[in-house]
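Just so it is clear: in the sequence shown, position 160 is 1356 by this note's numbering, and no numbers are missing.
Don't be surprised by glycine CBs; every beta carbon is placed ideally from N, CA and C.
Here the structure is a predicted model, which means the values were calculated and not measured.
See below for the structure under consideration.
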Amino acid sequence: MKKGILLSFILSFIIMLLISSCKEETIVNPNPVKISYQEIYYTQFQNTIPGLKTYTISQTGTNKQLVSDGFGIISEPHSYKMLTAKIDSGFYYNDLTVMNIDGTNPVTLPVTNYYPVWAQLSPDASKVFFTCNAGNYLFVINSDGTGLIEISNDILGTERAVSFSPDSKKIAFIESLPGVKAQLTIADVNGSNKINIKDSINYSSNFTIDWSPDGSKIAFQNSTPPNIVSIYTVNTDGTNYKNLTNAYQWDNYPSWSPDGNYLAFFSIDNLGQRGMYVINSDGTNKRLLFLAGTNEYMIFTPMWYINGKKILYVSNVNNTDREVKIYDFDTGAITAAAFDVLYAFWNYTILIYP
């Protein structure tokens, strides 16, 4: 009897300890995490070489703040980091530099002698890829400047058609192999497991590619005679190759929505009419968002807001000035946020207050 009472007491005590421990683990932090999606980071181009500055600004075009003088942001910021550069007189990137999004702790990558022409920071901010005209190379390097790896030496004319996968483990790119048409290739970021997933691609240097948010598909452009450029998608295993837009026009800059259900793209039709379109990811329900203004020569790099209700883009006005603009799906309104712009990106900053 006594043993039974003692055992019951011990079990009760253990249960009380477990309950107490659970309560301690589930106490709400009195200092909550605040998430801010207000900022836009952009590079302003000055009249002198290197002539780049990085600014941050609100969606309404207010609260403009200088982040870096002499270095311009050239890739979407991630994990409190951004990739910046200077530009020399030949419009190569000089001094590719990874720094905090407030401009502190710069790390210049030892790659200037390669004459980079395009570069991107990986989504986890651990790596940078860059392409170069000198030898037509694609390289990946750690964001601390170590571990330079050659991924390809056959990217002549497709230097901008490169993108990291959402999980930062793979890289997709267009190779223009000698004597054959270009091909879409995927490799691990260490250069291994290189796979051709689509060949016979007619490609140009101003084309781009974009991974779907879940990493299962890639959107890109392919051209067919006579000078028709369409948006295509393909699974990352090479299956389900599909022409989404399939019209007599020039479609470019495909951009996946955050939920992966839609693609935005810029288009010039056979009459020369320019505009931004959205299409379902299965190729149905193509619709015009807006037509470019009479003085807008080109629209570059649409980027979706994290909730899918806005699109940020760069507009080439009068073929001389570039402006940051934001399209609002709810209202149809277009807001001009900044001027004299080279590149612009959303910044999803998580601010943790101690």
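Open item on the list: At the level of alpha carbons, what is the spacing between Thr1420 and Ile1427?
Closed with: Sequence index remark: in the sequence shown, residue 1420 carries index 224 (1-based). Sequence index remark: in the sequence shown, residue 1427 carries index 231 (1-based). Their backbone Cα atoms lie some 11 Å apart in a straight line.
TODO: Take the Cβ of Ser1388 as the centre, count every other Cβ of all protein chains shown within 10 Å, and call the residue buried at 16 or more, exposed below.
DONE: Within the sequence shown, the letter at position 192 stands for residue 1388. It counts as exposed.
Task: Beta-carbon gap between Val1430 and Ile1414 smaller than 7 Å - done: The residue you call residue 1430 lines up with position 234 of the sequence shown. The residue you call residue 1414 lines up with position 218 of the sequence shown. Yes.
Task: Distance between Ala1357 and Lys1506 (C-alpha atoms, nearest Å) - done: By 1-based counting over the sequence shown, the position of residue 1506 is 310. By 1-based counting over the sequence shown, the position of residue 1357 is 161. Rounded to the nearest angstrom, the two C-alpha atoms are 24 Å apart.
Open item on the list: Which residue marks the beginning of the beta strand (DSSP E) containing Ala1533, and which one marks its end?
Closed with: Walking along the sequence shown from the start, residue 1533 turns up at place 337. Here the beta strand (DSSP E) through Ala1533 covers Ile1530 to Ala1534.
Open item on the list: Let's see if you can read the secondary structure: which residues bound the beta strand (DSSP E) around Ala1488?
Closed with: Counted from its first residue, the sequence shown places residue 1488 at position 292. No beta strand (DSSP E) contains Ala1488, which DSSP labels as neither H nor E.
Open item on the list: Going by DSSP, what residue range makes up the beta strand (DSSP E) through Gln1240?
Closed with: The residue you call residue 1240 lines up with position 44 of the sequence shown. Gln1240 -> beta strand (DSSP E) spans Ile1236 to Phe1241.
Task: Burial state of Leu1317, where buried means 16 or more other Cβ atoms lie within 10 Å - done: Here the question's residue 1317 lines up with position 121 in the sequence shown. Leu1317 should be labelled buried.
- [ ] Enumerate in chain order the residues of its own chain whose CB-to-CB distance from Lys1390 is below 7 Å, with the five nearest sequence positions on each side excluded.
- [x] Locating residue 1390 in the sequence shown gives position 194, where the first residue counts as 1. Cβ neighbours of Lys1390 beyond the five flanking positions: Thr1381 and Ala1383.
Open item on the list: Is the beta carbon of Phe1241 closer than 7 Å to that of Leu1508?
Closed with: Taking the sequence shown and counting its residues from 1, the one referred to as residue 1508 is at position 312. Taking the sequence shown and counting its residues from 1, the one referred to as residue 1241 is at position 45. Not in contact: Leu1508 and Phe1241 (Cβ atoms no closer than 7 Å).
TODO: List the endpoints of the continuous beta strand (DSSP E) containing Asn1470.
DONE: The sequence position of residue 1470 within the sequence shown is 274, counting from 1. In the sequence as displayed, the identity of residue 1470 is Arg instead of Asn. Element bounds for Arg1470: Arg1470 to Asn1476.
TODO: Starting from Leu1317, follow the beta strand (DSSP E) in both directions and report where the run begins and ends.
DONE: Start at 1 with the first residue of the sequence shown, and residue 1317 comes out as number 121. Segment Pro1312 to Leu1317, the beta strand (DSSP E) holding Leu1317.
Open item on the list: Just verifying my parser: in three-state terms, what is the DSSP assignment at Thr1497?
Closed with: Here the question's residue 1497 lines up with position 301 in the sequence shown. The answer is strand: DSSP assigns Thr1497 an E or B state.
Open item on the list: Which of the three DSSP states is assigned to Thr1293 in this structure?
Closed with: Along the sequence shown, one-based indexing puts residue 1293 at 97. Thr1293: strand per DSSP, three-state reduction.
Task: One or two residues paired with Tyr1519 in a DSSP bridge - done: Residue mapping note: residue 1519 aligns to position 323 of the sequence shown, counting from 1. According to the sequence displayed, residue 1519 carries Glu and not Tyr. Bridge partners of Glu1519: Ser1511.
TODO: Taking all protein chains shown into account, decide if Tyr1437 is buried (16 or more other Cβ within 10 angstroms of its Cβ) or exposed.
DONE: In the sequence shown, counting from the first residue as 1, residue 1437 sits at position 241. Tyr1437 comes out exposed.
- [ ] Leaving aside the five residues before and after Ala1532 along the sequence, list all residues of the same chain whose C-beta is less than 6 Å from its C-beta, in chain order.
- [x] To locate residue 1532, count along the sequence shown from 1; it is residue 336. Contacts found: Glu1519 and Lys1521.
Open item on the list: Can you look up Asn1448 in the DSSP assignment and give me helix, strand or coil?
Closed with: The count along the sequence shown starts at 1 and reaches residue 1448 at position 252. Of the three classes helix, strand and coil, the one that applies to Asn1448 here is strand, per DSSP.
Open item on the list: Looking at Ala1534: is its Cβ nearer than 7 Å to the Cβ of Tyr1238?
Closed with: Locating residue 1534 in the sequence shown gives position 338, counting from the first residue. Locating residue 1238 in the sequence shown gives position 42, counting from the first residue. Contact flag set, yes.
- [ ] Work out the CA separation of Gln1445 and Pro1422 for me, nearest whole Å.
- [x] Position 226 of the sequence shown holds residue 1422. Position 249 of the sequence shown holds residue 1445. Roughly 10 Å between the two C-alpha positions.
- [ ] List the endpoints of the continuous beta strand (DSSP E) containing Asp1384.
- [x] Here residue 1384 corresponds to residue number 188 of the sequence shown, with the count starting at 1. Residues Ala1378 to Asp1384.
Task: Three-state secondary structure assigned by DSSP to Asn1309 - done: Here residue 1309 refers to the residue found at position 113 of the sequence shown. Reduced to three states, the DSSP call for Asn1309 is helix.
- [ ] Name the one or two DSSP bridge partners that Asn1392 has.
- [x] In the sequence shown, the residue the question calls residue 1392 occupies position 196. In the DSSP output, where bridge partners are listed per residue, Asn1392 has Thr1381.
Task: For Asp1447 and Ile1397, the rounded distance between their alpha carbons - done: Counted from its first residue, the sequence shown places residue 1397 at position 201. Counted from its first residue, the sequence shown places residue 1447 at position 251. So the alpha carbons of these two residues sit roughly 15 Å apart.
Open item on the list: Using only the alpha-carbon positions, how far apart do Phe1416 and Gly1257 sit?
Closed with: Residue numbering aside, residue 1416 sits at position 220 when the sequence shown is read from its first letter. Residue numbering aside, residue 1257 sits at position 61 when the sequence shown is read from its first letter. Their Cα atoms are separated by approximately 31 Å.
Task: Close beta carbons around Asn1332, own chain, < 7 Å, minus the five adjacent residues each side - done: Your numbering for residue 1332 matches position 136 in the sequence shown. Answer for Asn1332: Asn1349, Asp1350, Ile1351 and Leu1352, listed in chain order.
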